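Taking it in order: structure first as structure tokens, then the write-up.
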Amino acid sequence: MDITANKHIADWVGEVAERAKPDKIVWIDGSREQIEELREQAVLGGSMIRLNKEKYPNCLLHRTDPDDVARVEDRTFICCKNKEDAGPTNNWMSPDEMYAKLYGILEGSMRGRTMYVIPYSMGVIGSPFAKYGIEVTDSVYVVLNMAIMTRVGEKVLEAIGGSSDFIKGIHTQGTLDKDKKYIVQFPEDNTIFSVNSNYGGNVLQGKKCFALRIASNLGRKEGWMAEHMLILGIENPKGEIRYVCGAFPSACGKTNLAMLIPPEGYRINGWKTWCVGDDIAWIRPGKDGRLWAVNPENGFFGVAPGTSERSNPNAMACTHEGTIFTNVALDPSDNTVWWEGMTKNPPSYAIDWQGRPWTPESGTKAAHPNSRFTAPAKNCPCISSEFDNPNGVPISAIIFGGRRAKTAPLVYQSRDWNHGVFVGSIMASETTAAAVGNVGVVRRDPMAMLPFCGYHMADYWQHWIDMGNKIANPPKIFNVNWFRTDDEGKFIWPGFGDNLRVLEWILKRCFNEVGARESAIGYIPNVSDINLEGLDMDEKTLDGLLEIDVDLWRKEAEDIRRYYGMFNGKVPKELWNSLETLEKNLG
Ligand code: GTP
Ligand code: SPV
Ligand code: MN
238 MDITANKHIA
248 DWVGEVAERA
258 KPDKIVWIDG
268 SREQIEELRE
278 QAVLGGSMIR
288 LNKEKYPNCL
298 LHRTDPDDVA
308 RVEDRTFICC
318 KNKEDAGPTN
328 NWMSPDEMYA
338 KLYGILEGSM
348 RGRTMYVIPY
358 SMGVIGSPFA
368 KYGIEVTDSV
378 YVVLNMAIMT
388 RVGEKVLEAI
398 GGSSDFIKGI
408 HTQGTLDKDK
418 KYIVQFPEDN
428 TIFSVNSNYG
438 GNVLQGKKCF
448 ALRIASNLGR
458 KEGWMAEHML
468 ILGIENPKGE
478 IRYVCGAFPS
488 ACGKTNLAML
498 IPPEGYRING
508 WKTWCVGDDI
518 AWIRPGKDGR
528 LWAVNPENGF
538 FGVAPGTSER
548 SNPNAMACTH
558 EGTIFTNVAL
568 DPSDNTVWWE
578 GMTKNPPSYA
588 IDWQGRPWTP
598 ESGTKAAHPN
608 SRFTAPAKNC
618 PCISSEFDNP
628 NGVPISAIIF
638 GGRRAKTAPL
648 VYQSRDWNHG
658 VFVGSIMASE
668 TTAAAVGNVG
678 VVRRDPMAML
688 PFCGYHMADY
698 WQHWIDMGNK
708 IANPPKIFNV
718 NWFRTDDEGK
728 FIWPGFGDNL
738 RVLEWILKRC
748 FNEVGARESA
758 IGYIPNVSDI
768 NLEGLDMDEK
778 TLDGLLEIDV
788 DLWRKEAEDI
798 RRYYGMFNGK
808 VPKELWNSLE
818 TLEKNLG
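First residue of the sequence shown: 238, per this note's numbering; consecutive thereafter.
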């Protein structure tokens with residue numbers, strides 16, 4: 238491939254190499270042979286383990302440094318000229334200061350190593366949604382994961398042509414020193430730096446760094462939206478396929494909903510589900526006045542623990558070929574993988590995610606709670622036939638959701654688009670192992686974008702309001718909560734496949750096929766309108782799941798008022814209006 242054809246790319250790669258001083262530069266051409274060779278090299282070099290060739294053909298296991306297992310939100314920065322533009326929810330440093338720091342870390346960091354240059358596309362190459370990037374990295378792990386998660390290689394260079402319109406990304410593993418770890422977005426320069434990490438969302442830059450933090454800035458400028466959302470097609474017995482997007486915070490059920498299998502009663506009647514995406518949606522207004530969405534990724538970087546033949550057989554099927562596992566346990570008896578929740582009975586002996594001997598009596602987790610699989614989207618048995626459609630799919634509903642033990646009901650519908658934006662802006666959820674820090678603490682995570690919005694959060698809400706004004710047929714906006722608990726702390730709603738019962742109501746609402754009750758927070762289903770057939774749940778329990786505790790919601794409204802106060806008077810008036818309506822409704 239002609240690597241010097243684009244002077245902007247060649248000059249920039251040369252400049253990075255001059256600083257990082259790698260022994261060798263390798264351009265990723267996207268060929269099967271090159272990827273195979275790098276996989277073999279990783280296995281021979283000891284950084285990856287090849288799994289059972291019959292049960293897991295072409296699958297590898299990787300273990301990260303024990304201190305480098307998740308996204309690091311306190312080390313993630315948005316570096317734009319004015320601090321105000323990053324807003325109160327992002328870490329900020331001036332670009333000059335940050336570049337100086339990063340170039341200091343980059344200097345000579347690849348000595349003795351190979352620098353890989355990965356041209357990649359987010360979205361189908363050539364699609365009106367597609368955006369291109371070049372990530373240079375000294376990590377084979379990054380190359381092999383990016384080759385699954387994105388479309389890589391020569392075709393991307395061809396699409397970029399002579400243009401300077403590509404996102405520059407630099408990654409060096411460095412020393413993995415926790416205190417010198419930086420994940421940095423420079424939205425004004427379309428540049429990304431990840432240093433001293435070699436984990437998932439920190440370093441697979443196409444994902445959170447580009448497709449959300451940088452892309453949210455591009456979307457704001459260009460009139461589209463970059464969202465932390467799954468995309469799911471739901472086919473009813475008449476053969477109509479309707480699409481929904483769902484924004485749930487990290488490790489709160491996007492992958493599971495995106496691959497759900499209808500309950501038996503639904504399957505018999507002809508219901509089917511089609512996965513378009515499990516983590517990120519790029520959304521644009523179409524000529525028909527609807528919103529259209531694509532999944533810019535090409536694979537799944539899914540949470541392993543809890544994934545089983547029972548909870549998510551589609552995800553299990555995804556992982557049986559060409560998959561990279563990160564920080565799961567190894568069952569050495571047959572060289573296969575295991576994680577908590579995969580099977581009822583754990584293996585009697587395993588090698589844990591840190592490479593140590595493990596037994597069920599060890600009292601520790603065999604797999605890290607944020608262990609993941611990187612699987613090609615094409616492996617998914619229910620992958621949508623629209624997956625590669627360059628124009629995406631039309632969206633009927635947007636669904637927000639999170640982990641709330643009490644406050645949020647199973648489902649409710651916003652009164653209109655602006656009220657829906659309010660519902661998204663007040664999302665709160667218990668934190669999970671997807672990011673380093675406390676787990677199980679409720680925090681506000683607007684639109685599931687708290688860690689991913691690349692500019693001022695209140696400007697982002699304004700962008701949502703503006704988008705609503707631009708589209709004639711906006712999707713209806715809902716909120717769901719699969720995670721309400723009983724007095725013993727157990728989930729009341731069965732979740733997973735049974736979530737289709739709620740989706741059915743949501744879609745009926747979108748097409749005016751069912752009524753609803755008005756409540757203080759929005760429209761709530763009539764209990765008889767959620768299909769409980771084949772489910773071991775009575776209407777009284779369902780009624781409890783739909784209950785709105787006025788005292789809790791009054792406290793919630795107070796907290797929202799406090800929360801909005803953080804944004805320096807920039808919260809859109811439409812959202813204040815919704816808050817006032819809520820307060821009034823609660824009395
Ligand atoms: P990221 O990839 O981090 O953005 O996460 P995600 O939103 O795709 O989360 P995922 O679907 O992987 O779910 C994470 C965890 O939530 C797993 O432990 C699942 O078992 C659990 N989970 C998912 N859906 C449900 C549900 O409907 N009910 C319950 N109780 N748990 C669920
Ligand atoms: C998330 O944390 O939301 C993920 C995993 O999807 S990571 O790619 O590590 O960000
Ligand atoms: Mn995610």
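Even glycine gets a Cβ: it sits at the ideal position worked out from N, Cα and C.
Since the model is a prediction, treat every value here as computed from it, not as a measurement.
Residue i in three-state terms, based on DSSP
{"i": "A257", "result": "helix"}
{"i": "V309", "result": "coil"}
{"i": "A463", "result": "strand"}
{"i": "D653", "result": "coil"}
{"i": "A709", "result": "coil"}
{"i": "F733", "result": "helix"}
{"i": "R547", "result": "coil"}
{"i": "T778", "result": "helix"}
{"i": "P683", "result": "helix"}
{"i": "W698", "result": "helix"}
{"i": "N716", "result": "strand"}
{"i": "S633", "result": "strand"}
{"i": "S666", "result": "strand"}
{"i": "E755", "result": "strand"}
{"i": "Q410", "result": "coil"}
{"i": "D568", "result": "strand"}
{"i": "M553", "result": "helix"}
{"i": "W813", "result": "helix"}
{"i": "K804", "result": "According to the sequence displayed, residue 804 carries Phe and not Lys. Correct three-state label for F804: helix."}
{"i": "Y692", "result": "coil"}
{"i": "F659", "result": "helix"}
{"i": "N246", "result": "According to the sequence as given, residue 246 is Ile; it is not Asn. Helix."}
{"i": "V263", "result": "strand"}
Limits of the unbroken beta strand (DSSP E) element including residue i
{"i": "C512", "result": "509-514"}
{"i": "T428", "result": "428-432"}
{"i": "P522", "result": "518-522"}
{"i": "L528", "result": "528-531"}
{"i": "R609", "result": "609-613"}
{"i": "L298", "result": "297-299"}
{"i": "Y419", "result": "419-423"}
{"i": "F537", "result": "536-540"}
{"i": "T573", "result": "573-575"}
{"i": "F562", "result": "561-563"}
Neighbourhood of residue i by C-beta, 7 Å cutoff - its chain only, sequence neighbours within 5 removed
{"i": "D682", "result": "P486, G639, M664, A665, S666"}
{"i": "E820", "result": "A794"}
{"i": "G514", "result": "L467, I468, A495, N532, E534"}
{"i": "N736", "result": "L494, L497, W719"}
{"i": "N706", "result": "none"}
{"i": "Q650", "result": "K713, F715, R746, A753, G759, Y760"}
{"i": "Y378", "result": "S284, H299, N435"}
{"i": "L288", "result": "C296, L297, L298, N572, T573, V574"}
Close-in-space but distant-in-sequence residues of the same chain around residue i (CB under 6 Å, 5 per side omitted)
{"i": "A645", "result": "N718"}
{"i": "M579", "result": "S545"}
{"i": "R859", "result": "Because the chain here runs from 238 to 824, residue 859 falls outside it and cannot be looked at."}
{"i": "V263", "result": "T351, Y353"}
{"i": "S346", "result": "A257, T409, G411"}
Chain-order list of residues whose beta-carbon lies under 8 Å from that of residue i (same chain, five-residue window excluded)
{"i": "F689", "result": "K445, L449, R450, S453, H465"}
{"i": "S622", "result": "W511"}
{"i": "D780", "result": "V764"}
{"i": "G674", "result": "E310, D311, T668"}
Opening and closing residue of the alpha helix (DSSP H) in which residue i lies
{"i": "I272", "result": "269-282"}
Short CB-CB distance (under 8 Å) between residue i and chain B
{"i": "D322", "result": "Among the chains in the structure shown there is no chain B, since it carries only a single protein chain."}
Near the ligand HEM: residue i beta-carbon under 7 Å from a heavy atom
{"i": "R348", "result": "The ligand HEM is not part of the structure shown, which contains the ligand GTP, the ligand SPV and the ligand MN as its ligands."}
Check: Do three or more CB pairs link the segment 249-265 to the segment 536-547 at distances below 8 Å?
Finding: By the Cβ test, the segment 249-265 is not in contact with the segment 536-547, since fewer than three Cβ pairs between them sit closer than 8 Å.
Checklist line | Three or more C-beta pairs below 8 Å linking the segment 471-486 and the segment 452-460 | finding: Contact fails: fewer than three Cβ-Cβ distances are below 8 Å.
Check: In the segment 358-406, which residue ranges form an unbroken alpha helix (DSSP H) of at least 4 residues, counting only runs that do not cross its ends?
Finding: Runs found: 377-386, 391-397.
Check: Is there contact between the segment 310-317 and the segment 557-575, where contact requires at least three CB pairs shorter than 8 Å?
Finding: Too few Cβ pairs lie closer than 8 Å, so no.
Next item on the list: Please specify which runs of the alpha helix (DSSP H), each continuous and at least 4 residues long, are wholly inside the segment 433-505, giving them in chain order.
Entry: Qualifying alpha helix (DSSP H) stretches, in chain order: 437-440, 452-459, 491-495, 501-505.
Next item on the list: Ignoring anything shorter than 4 residues or poking outside the segment 310-337, list the alpha helix (DSSP H) runs there in chain order.
Entry: As far as the segment 310-337 is concerned, its whole alpha helix (DSSP H) runs of at least 4 residues are 320-323.
Item checked: the segment 695-709 contacting the segment 805-823, beta-carbon criterion three pairs below 8 Å -> Yes: the two stretches touch, three or more of their Cβ pairs being nearer than 8 Å.
Note to self: Pairs of beta-carbons, one from the segment 751-765 and one from the segment 781-796, closer than 8 Å: are there three or more?
What the structure shows: Result yes; three or more Cβ-Cβ pairs closer than 8 Å.
Item checked: Three CB pairs or more closer than 8 Å across the segment 405-418 and the segment 333-346 -> With a cut-off of 8 Å, the segment 333-346 and the segment 405-418 count as touching, because enough Cβ pairs lie within range.
Notebook entry, point to check: At a cut of 8 Å, does the segment 592-604 reach the segment 351-371 through at least three beta carbon pairs?
Noted result: Between the segment 592-604 and the segment 351-371 there are fewer than three C-beta pairs closer than 8 Å, too few to call the two in contact.
Next item on the list: Could you say if the segment 289-299 and the segment 552-564 meet the contact criterion of at least three C-beta pairs nearer than 8 Å?
Entry: A contact exists between the segment 289-299 and the segment 552-564.
Margin query: Count Cβ pairs between the segment 388-397 and the segment 242-249 that sit closer than 8 Å; are there 3 or more?
Written below: By the Cβ rule, the segment 388-397 counts as touching the segment 242-249, because three or more pairs are nearer than 8 Å.
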